[in-house]
Amino acid sequence: MAQFRYAGACHWRKGNTHIHSTVSDGGQNFEQLERMYAEVGYHFLFRTDHWAASDVTEPKRSSPLLWLDGIELDGPDYAGSYYHIVCLGRFTGITREMGFTQALMEARKQGGLLILAHPDWMGNTFEEAARYGVHGVEVYNHVCRWLNGKGDGWPYWHSLLDRHPATLGLAVDDAHIRSEHPGWNGGWIQVDSPELNSEGILEAIRAGRFYSSCGPEIHSLEFDGKDLHVKTSPVQFVRLVGPSWRGQRVGSFNGDVRTETSLSVPLDWPYVYLEIEDSSGRRAWTNALFVSEI
Ligand SMILES: [Zn+2]
Ligand SMILES: [Zn+2]
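Per this note's numbering, the sequence shown starts with residue 45, numbered consecutively.
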């Protein structure tokens, strides 16, 4: 029986699942990142340096935001396909010498949440995107948009949703914050978690109780058994998105904006998610609204 994923009080916590620090090739240390991100309203950040499993022990009481553990793995797999995969969670014993495939298996064994990173920038095929049964995929990667415009992962997400409607679709910064990679705070997630601690945030992400954004905000989402009622920041378009051509939409091209919308939800689509778009073309989107295997 499919369940509505967002039943809750919508305690949104802003965060990012993909950041680099001076531990690998980022330009800022953790203290600098913490200050920058806290100032623009972030509540949490994952440490995802290349091949460096982080170990955030006791969170500092004075810290303005919550740090969580992770790692980014890269390399050719056993078949010669090149990947970057961000693994969220705390890991031990993962080294570059193991090679990509074994390291990924180890991260999975240790309970990691696996997110396919910037697949278009990697030149991945849809078959490669599906090969490891990742939990999610980066639908927007801010640094890849800067590097060569290949920051979007929408078609990869849709092909994974066709196979597994629970697949998560995330917006991330992949921030490096050096002169040649200056961007940050361009893509993030807002997680519905009453508690701001690592267990609460990770569990909510795993269950898909978050939305992703490059600008607009979703304030609340309610489903009454027939219609979806959504309150948002001012947006030009609101859409329900399903497989292939299936979709519903409201909005206009004449500059009007809206903050409250109700749409009737087609319950027979294999998946359906909500997307909003502001007047600058910036989007925010939920995960699939209904899943059986929460
Ligand atoms: Zn990467
Ligand atoms: Zn990265």
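Heads up, the beta-carbon is just placed ideally off N, CA and C, and yes, glycines get one too.
inquiry  = Helix, strand or coil for F74? Go by DSSP, reduced to three states.
reply    = Looking at F74 - three-state DSSP - the assignment turns out to be helix.
ask   = Whose C-beta lies closer than 7 Å to the C-beta of F48 among residues of the same chain, with five residues either side of it excluded?
value = Correct list, in chain order: F267, L333 and F334.
key: Nearest candidate by alpha-carbon position, reference C258, set E239, D271, A248 and G227   = For C258, the nearest C-alpha among the options comes from G227.
key: Member of R326, G230 and N185 whose CA lies at the smallest distance from the CA of G85   = Taking only the C-alpha atoms, the option nearest G85 is G230.
Distance, V216 Cα to G197 Cα = If I take the Cα positions, the gap works out to 11 Å.
request  = Pick out whichever of D206, D218 and S98 has its Cα sitting closest to the Cα of G70.
outcome  = In this structure, D218 is the residue among D206, D218 and S98 with its C-alpha nearest to the C-alpha of G70.
key: Cβ distance (whole Å) where Y122 is taken to contact M166 below 8 Å   = No, Y122 and M166 are not in contact; Cβ-Cβ is about 16 Å, not under 8 Å.
Among V301, I320 and G269, the one whose alpha carbon lies nearest that of Q292 = Nearest Cα to Q292 within the set V301, I320 and G269: I320.
ask   = Straight-line CA distance for S107 to A82?
value = Taking the straight line joining both Cα atoms gives about 9 Å.
query = Taking the alpha-carbon positions, what's the A114 to N298 distance?
reply = One detail in the question is off: residue 114 reads as Gly in this sequence, not Ala. Taking C-alpha positions only, G114 is separated from N298 by approximately 44 Å.
message = For L117 and W201, what's the separation of their Cα atoms in angstroms?
response = The straight-line gap from Cα to Cα measures roughly 20 Å.
query = So G180 packs on R189, CB below 8 Å; how close in whole Å?
reply = With a Cβ gap of about 18 Å, G180 and R189 do not count as contacting.
ask   = Whose CA, out of W232, G156 and V187, lies closest to the CA of S223?
value = Residue nearest to S223 within the set W232, G156 and V187 is V187 (criterion: CA-CA distance).
task = Taking L284 and S306 to be in contact with their CB atoms under 8 Å, please state how far apart those CB atoms are, rounded to whole angstroms.
result = At roughly 11 Å, the Cβ-Cβ gap does not stay under 8 Å, so L284 and S306 are not in contact.
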